[in-house]
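Some notes on the structure that comes next.
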Ligand code: ANZ
Ligand code: ZN
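Residue numbers (the numbering used here): 11 to 819.
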């Protein structure tokens, strides 16, 4: 008997597929078949190669792709490289190399690894975000945004390391220290390009309801966008005509206001401060303005008094105005009304500076929490006392608006996207600074604006891009006035290329447009998008934003890019910890393939647990899968030379029919682990059946089983298919069809349950059974060994002709 030589088998089919992929896995534009666009999050081709997390997602989409091809769909399943980015930049600087030289090598390695996993990509559609004929269109879309007023320049802070003399990305700053050298980092303000994603905030929020995404990801996007509906209330300055606007979501607490606080970078702080207090205020602002960063509030409260009072809009009471960094400049109006009895931060502030605390909301239950932040009944609120919070907000809002003291307001937490980086390894921003004309965009015909090639480069030393040092690239002519001018030297962030790559797969060779509209119309939206949940807010929000922009220009036909999103869970190390080099628990897929083969690795990762959950690697688990495939191989060896003519077996026929139903259903739902369990149970049954004697009927059934196993373990299945005399490629075979079998009078299929859970079934030629018969019969099935052996059967419940339920302890 020939042993399961996975090395030889996998190699052999990978070579054949490599030659045939054009006919097997080609996505055909405008085919009459129904399309399915099945997309992976394309990888950053790091120097480390593929990791087991990539394998997980890529196997899942490969199963879907092979499955849908067999079901007769026209499948688009492409792959490419998201190759700009920080790690390559840093490696390049360290090694004095140019990423243009080493990134292609990484890509080749990735591609080789993907081939060794048997992934069925349409390689004719490969893209690379760092190739000029790709980033030409990234730049083109950017220019369209510029044209439509979505791009603007504004000072924004960057992290700067004074000893490395380089700007740092947020992820390179650990607890305020430079990741490379440990020095404390500084914040520098630079003029940076911004994209007005905030213009799309409402649509980005609302359209989440149209798409089939995991609820937790939608929720993360909702929180990130952070829509807040409240009221903008005006506090008039004492003795002046000027008013301070504050934003509140709790207008019902307005009678409890005992102070007003401005953020340090709110220009009003300096403008209104009393001259006796001005020096204090200035000092405080100088100390804090640098520290202020969006969303982070950790240290103890502090602040300064401005010496100024405002008047309460309802009671006319004098209220002191303070400045404190717990109020963010970038949210709302950059000013708040302090209600210390009902807001934790306001409470701390009042305690520290000994400000009045006035209770105005009474809890409905007798909660004794203080400050009480919930809703309740208004007290100490003049004519509005007695109202309930929600109703009070409505009443007060109308009342104050009528008096001209404020208006309803909506604010979003979402900020405009800082779209420039001080890096070499990114898409050059196609804008020119001209002394006469200001900012001038490049002409479309001058795209792509290529990154200049130089052997090696260093940071500029000033926090600006290394491109700044490449004088003959920086120097150019203004497209408008032809005078000498300078190129923008900052580059796009690493998210830029992935904002639209799924569009380029649809038409990757087009040199007239980023993609042909008719083709986009045929293929969009993406039907399945599989990738890691770490992209919940950045990539997945940015891509939706660009897509909506292109939709508004009528350049794409759908308002959303990804119809169905699925997040794979992280695979942890065997110790249950996150894999990391320092912990030494990293599993290298290449080594697993060497030891057990790609089919085992693929199936194992799918069998580990539900796709979306976190799960630890298990060496025992992969050996289990390897043994399963070895048993399948043995079945093949046993059936290869069978001559005995067909003897029908009702039980096998029904089991197979059931298997077809289950595997189809589970693949459609991306429940791959459950599909694999079913395949295992069936293999067990078939092995038992041929123990006495195999016949041609068994072979026929086995071939159907092989089709169902194929998407999971394509190499071994194609080899067996071939070995059993079939000349075709399984990719071109039809997926088995589930039949609704009308039960003949002489056979009854009983569903077998154990403690109420469906575990398989048995077939009898009558509808009423005795306990003894059932107990005997069940011993012949795999259900027994898996679920009943060694257990005490307490009771057997029958439903005539339909069901047997074993109740066990
Ligand atoms: C008075 C008040 C009383 C508030 C109370 C809360 C509770 P969300 O829901 O996150 O939008 N706020 C407004 N602008 C701010 C800023 N720039 N920096 C820090 N805090 C700010 O939160 C809205 C609430 O956050 C507003 O409602 C305001 O405090 C505060 F019992 O106003 B509230
Ligand atoms: Zn000019």
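Yeah, the Cβ is synthetic: ideal placement off N, Cα and C, and Gly gets one too.
- Between the alpha carbons of residue 205 and residue 88 lies a gap of roughly 29 Å.
- In the DSSP annotation of this structure, the continuous segment of the alpha helix (DSSP H) that includes residue 211 starts and ends at 211-216.
- Sequence-distant partners of residue 402 (beyond 5 residues in either direction) whose C-beta falls short of 8 Å from its own C-beta, in its chain, are 261, 262, 388, 391, 394.
- No Cβ-Cβ contact shorter than 8 Å links residue 540 with residue 230.
- For residue 608, the three-state secondary structure derived from DSSP is helix.
- In the DSSP assignment, residue 194 forms a beta bridge with 187.
- Contact between the stretch 243-253 and the stretch 316-335 is present: three or more C-beta pairs spanning the two stretches fall below 8 Å.
- The DSSP assignment places 45-50 as complete runs of the beta strand (DSSP E) inside the stretch 25-59, in order along the chain (cut-off: 3 residues).
- Residue 404: member of the alpha helix (DSSP H) spanning 399-412, first to last residue.
- Contact between residue 36 and residue 537 fails: their C-beta atoms lie close to 18 Å from each other, not under 8 Å.
- DSSP places residue 727 in no beta strand (DSSP E) but in the uninterrupted alpha helix (DSSP H) bounded by 724-733.
- Residue 203 has 163 as its beta-bridge partners, per DSSP.
- About 6 Å separates the beta carbon of residue 24 from that of residue 128, a gap short enough to meet the 8 Å contact definition.
- By the neighbour-count criterion, in which a residue is buried when 16 or more other Cβ atoms sit within 10 angstroms of its Cβ, residue 701 is exposed.
- By the Cβ-count criterion, residue 38 is exposed, with fewer than 16 other Cβ atoms from all chains shown falling within 10 Å of its own Cβ.
- Out of 706, 94, 629, 697, the CA that lies nearest to the CA of residue 656 is found in 706.
- Closest in C-alpha terms to residue 325, from the list 372, 441, 415, 335, comes 415.
- A residue is called buried when at least 16 other Cβ atoms come within 10 angstroms of its Cβ; residue 670 meets this threshold and is buried.
- When the beta-carbon positions are compared, residue 559 and residue 622 stay at least 8 Å from each other.
- Inclusion of residue 173 and residue 193 in the CB contact set at 8 Å is warranted, their separation being smaller than that value.
- Fewer than three Cβ pairs drawn from the stretch 378-386 and the stretch 237-252 lie within less than 8 Å of each other, which leaves the two stretches out of contact.
- Listed in chain order, the non-local C-beta contacts of residue 532 below 6 Å within the same chain comprise 40, local neighbours out to five positions each way being set aside.
- Bridge partners of residue 11 according to DSSP: none are assigned.
- The nearest non-hydrogen atom of the ligand ANZ is 7 Å or more from the C-beta of residue 420.
- Here residue 541 carries a strand assignment [DSSP, helix/strand/coil].
- The stretch 670-688 and the stretch 735-751 touch, with three or more beta-carbon pairs separated by less than 8 Å.
- Beyond the five residues adjoining it in sequence on each side, residue 787 comes within less than 6 Å, by CB distance, of 772 in the same chain, given in chain order.
- With respect to the C-alpha of residue 589, the residue from 440, 611, 626, 556 having the closest C-alpha is 626.
- Its chain contains 649, 652 as the residues whose beta carbon lies nearer than 6 Å to that of residue 709, once the 5 sequence neighbours on both sides are disregarded; these appear in chain order.
- In the three-state DSSP reduction, residue 580 falls in the coil class, being neither helix nor strand.
- Approximately 11 Å separates the beta-carbon atoms of residue 618 and residue 634; this is outside 8 Å, ruling out the contact.
- When DSSP states are grouped into helix, strand and coil, residue 808 belongs to the strand group.
- Residue 346 has its CB nearer than 7 Å to a heavy atom of the ligand ANZ.
- Exclusion of residue 585 from the 7 Å shell around the ligand ANZ follows from its C-beta lying no nearer than that to any non-hydrogen atom of the ligand.
- Taking a C-beta distance under 8 Å as the contact criterion, residue 715 and residue 686 do not qualify as a contact pair.
- Burial check for residue 219: the Cβ neighbour count within 10 Å stays below 16, so the residue is exposed.
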